[in-house]
Every structure is written in structure tokens, then in C-alpha cells.
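Below is one structure, written out as C-alpha cells, with a few remarks after it.
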Amino acid sequence: MAVKLKATKREDHSKSATKQIRESGDVPSVVYGKDKEAKAIAVNSIDLVKTVRDEGRNAIISLEIEGDKAEDVMLHEYQMDSIKDELIHADFYIVNMAEEMDVEVPLNLEGEAFGAKEGGVLQQPLFELQVRAKPADIPEQISVDVSELGIGDTIAIADLPKASKYEFLEDADTTVATVVPPDTLDETEEEADENAEPELVGAKDDEEE
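Residue numbers for the sequence shown follow the numbering used here, beginning at 734 and rising by one.
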């Protein structure tokens, strides 16, 4: 079931009106979709942040636009003020609940890798996975148990449990987690430096002579 979010229409697009919207605690936004006319709206900043925090980045939102019918949307993009750390703009995309779409879903590694306990280093090359699914079937996150991973072991896309309601878009051999041996490169370089002959001051290469 989609979470509800109220919105008002924006008729005045001037800078002063946009500034006033932000000062009132709302976020100037746009809602659009395939074969849909774009609409300028405003949503409450706190309500939007709470919705995304509680429901996830890919949540289906029932956007209740004042004086218009509700639309099933997803938060497509947003802009932040880097200085004030505040939302300053948001884009909502109208979704067709019957059609599949491509989205990025957070990847969460669970457990402590066995190899990490032996001194190895657990690495996570990807923090999000691309999946294709109908809007209502998009998972909130993909969880992977890494507790059995030993040093040198790897988990790839092909190793993940198959899901009937969505599919992964990355190559099957794409690594999502691995445990690598402790880095011994620095020790090797130190030994090489100790065994190297001292360089002669003022010496030149043969080509320079």
C-alpha cells in the first residue's frame, strides 16, 4: 500500500514565490511521467524526509495534489543546499503499477565474515544493485549473509537467491562481497628497499652519457 503525501499546486514560478515556499517549510517540486503533463507542486519538507526515511528511497507514494486526483509516484531526484543541508527541490515520477522499471536498491551485508576473523579484509565493491521489477515488488534492500566467507572467497550476483518478483541487471559474475588476504605490499617494498644498492650521487643513465 502506497504511503500518502499531500501536495499543493504552484502557479507562480518566480524566484520570490519559490523563496517564500522554502521559507514556509515546503519544497518546490515537479511531478511528471510518461505521456503525462508535468505539474509544478510543493510538498512539506519534513513530511517528505520522514516518508523517505521510514519507507525507503524507492517507496511508492500516493501523491495527493490539491484539487486534483492522487498519483502513484516515486521520488526520482532531489537537490540539497550543501550549506544549510536542506531540501531545495524534488522531482517525482508517475509510475505505472503494471509495468516493470529499473531502479537501484541498497545492498546490505549481514554477519561477520569468517575470513575477517582470521585477519582477512571484507570488501564490498557495490553498495547498490540494479534490479528490474514492478513498482509494488521493488525490495527495500537486498541482504546478503557473509558469515561463511573465508579468505579468498567471493559472493557474486549469480550466488544470490533467485527472486520471482524481480531480477538483477548486473552481470552474473559481478562481485558483491569478497574477503581478501591482509595487505603485505608495504612489507615487500620495505624488504626490497633494504636489499637495494645505494644510488651514487650524480650518477647518470647510460643514455645520458
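Ideal placement from N, C-alpha and C gives every residue a C-beta, glycine not left out.
query: How many Å lie between Phe860 and Arg743 at the Cα?; result: 36 Å
query: Let me know the secondary structure DSSP gives Asp886 once reduced to three states.; result: coil
query: Using the C-alpha atoms, what's the distance from Thr887 back to Asp919?; result: Because Asp919 carries a pLDDT of 49, less than 50, the predicted location of this residue cannot be relied on, and the following value inherits that uncertainty. Cα to Cα, the separation comes out at about 24 Å.
query: Which residue from Glu903, Lys802, Leu855 and Asp870 puts its Cα closest to that of Met830?; result: Asp870
query: Look at Gln863 and Leu902 and say whether their C-beta atoms are less than 8 Å apart.; result: yes
query: Can you tell me which of the three DSSP states Leu840 falls into?; result: strand
query: Where does Thr921 sit, in a helix, a strand or coil, going by DSSP?; result: At Thr921 the pLDDT is 41, less than 50, meaning the model places this residue with poor confidence; the figure from the coordinates comes in the next sentence. Of the three classes helix, strand and coil, the one that applies to Thr921 here is helix, per DSSP.
query: Quick one: any contact between the stretch 755 to 772 and the stretch 813 to 827, if contact means 3 or more CB pairs under 8 Å?; result: yes
query: Would you decide whether Thr921 is buried or exposed? Buried here means 16 or more other CB atoms lie within 10 Å of its CB.; result: Confidence in Thr921 is poor, its pLDDT being 41 and thus under 50, which makes the residue's placement unreliable; the coordinate value appears in the next sentence. So Thr921 ends up on the exposed side.
query: According to DSSP, which residues form a beta bridge with Val854?; result: Val913
query: Contact check, Val854 vs Val912 under 8 Å by CB: the rounded distance?; result: 7 Å
query: Is it true that the stretch 874 to 890 meets the stretch 830 to 848, where meeting means three or more beta-carbon pairs spaced less than 8 Å apart?; result: yes
query: Around the Cβ of Ile816, are there at least 16 other Cβ atoms within 10 angstroms (buried) or fewer (exposed)?; result: exposed
query: Have a look at the DSSP bridge pairing and note the partners of Lys742.; result: Ile774
query: Could you give the uninterrupted runs of the beta strand (DSSP E) lying entirely in the stretch 775 to 816, keeping only those of 3 residues or more?; result: 794 to 798 and 804 to 814
query: How long is the line joining the alpha carbons of Lys850 and Pro914, rounded to whole angstroms?; result: 11 Å
query: Could you check the C-alpha separation between Leu882 and Gln856 for me, to the nearest Å?; result: 11 Å
query: Could you check which residue in Ala735, Thr907 and Ser897 has the C-alpha nearest to that of Ile793?; result: Ala735
query: Starting from Phe825, follow its DSSP beta bridges and name the residues at the other end.; result: Val764 and Leu808
query: Could you name the residues that DSSP lists as bridge partners for Ala866?; result: Met834 and Tyr899
query: Can you tell me whether Thr907 is helix, strand or coil according to DSSP?; result: coil
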